[in-house]
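Numbering (numbering that gives the first Met the number 0), first residue to last: 0 to 120.
The beta-carbon is built from N, C-alpha and C at its ideal position, and this holds for glycine as well.
To start, the structure under review is shown below, and the notes come after it.
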Amino acid sequence: MVPRPASADESGFVLQLLYPVLTSFLKPELVTDHLVRKMAHFTEYFVLGMELFGLLSFFSKNRWIVLKSVEYAFFAAFVDESIQILSHRGSMISDVWLDTAGAAAGVLLVRLVSYIRAARK
């Protein structure tokens, strides 16, 4: 629900912080405000995916927890983009897919770690 100018200011601030790190392995012309915003989308949903998987795993031993976690994250991304339509910031279906990919990566990482831990025992 952050207005577009405030969102742009936040992205610009983060871009300034990350610029030296990102330009160490990317061409400077590729390090843009757009890249930072897309990285933020992926990262926040990566964390959401990890949290959803952990929460669902705690309350249920259903074998479909991986898919349910990604499904719930997809729904959250869909609602998030819908809210952006209402706040006149513009909505992009590609952001929903990017968010879902981030959540899936987070879910899979936690699932992999839990599998490795279980195998060690």
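> By Cβ distance below 6 Å, which residues in the same chain neighbour V95 in space, the five residues on each side in sequence not counted?
Replying inline: The residues are A76, F77 and E80.
>> On a Cα-Cα basis, can you pick out the residue from F12, G48 and K67 that is closest to L128?
In response: With the chain running from 0 to 120 in the structure shown, residue 128 is simply not present.
>> Can you give me the C-alpha to C-alpha distance between I92 and Q83, rounded to a whole angstrom?
In response: Cα to Cα, I92 sits roughly 11 Å from Q83.
> So does the region 2-11 actually touch the region 19-36, counting three or more Cβ pairs closer than 8 Å?
Replying inline: yes
> From T99 to H40, what does the alpha carbon distance come to, in whole angstroms?
Replying inline: Cα-Cα distance, rounded: 9 Å.
>> Quick check on Y114: buried or exposed, where buried means 16 or more other Cβ atoms within 10 Å of its Cβ?
In response: exposed
> For E50, which residues of its own chain have a beta-carbon under 6 Å away from its beta-carbon, when the five flanking residues on both sides are left out?
Replying inline: none
>> Quick check: the Cα distance between H87 and S6, rounded to an integer number of angstroms?
In response: 12 Å
> Can you tell me where the alpha helix (DSSP H) with S6 in it begins and where it stops?
Replying inline: R3 to L21
>> Between the alpha carbons of A103 and M38, how many angstroms are there, rounded?
In response: If you draw a straight line from the Cα of A103 to the Cα of M38, it comes to about 15 Å.
>> By the three-class DSSP mapping on this structure, what secondary structure does K67 have?
In response: helix
> From L66 to L85, what does the alpha carbon distance come to, in whole angstroms?
Replying inline: Answer to the nearest angstrom: the Cα atoms are 29 Å apart.
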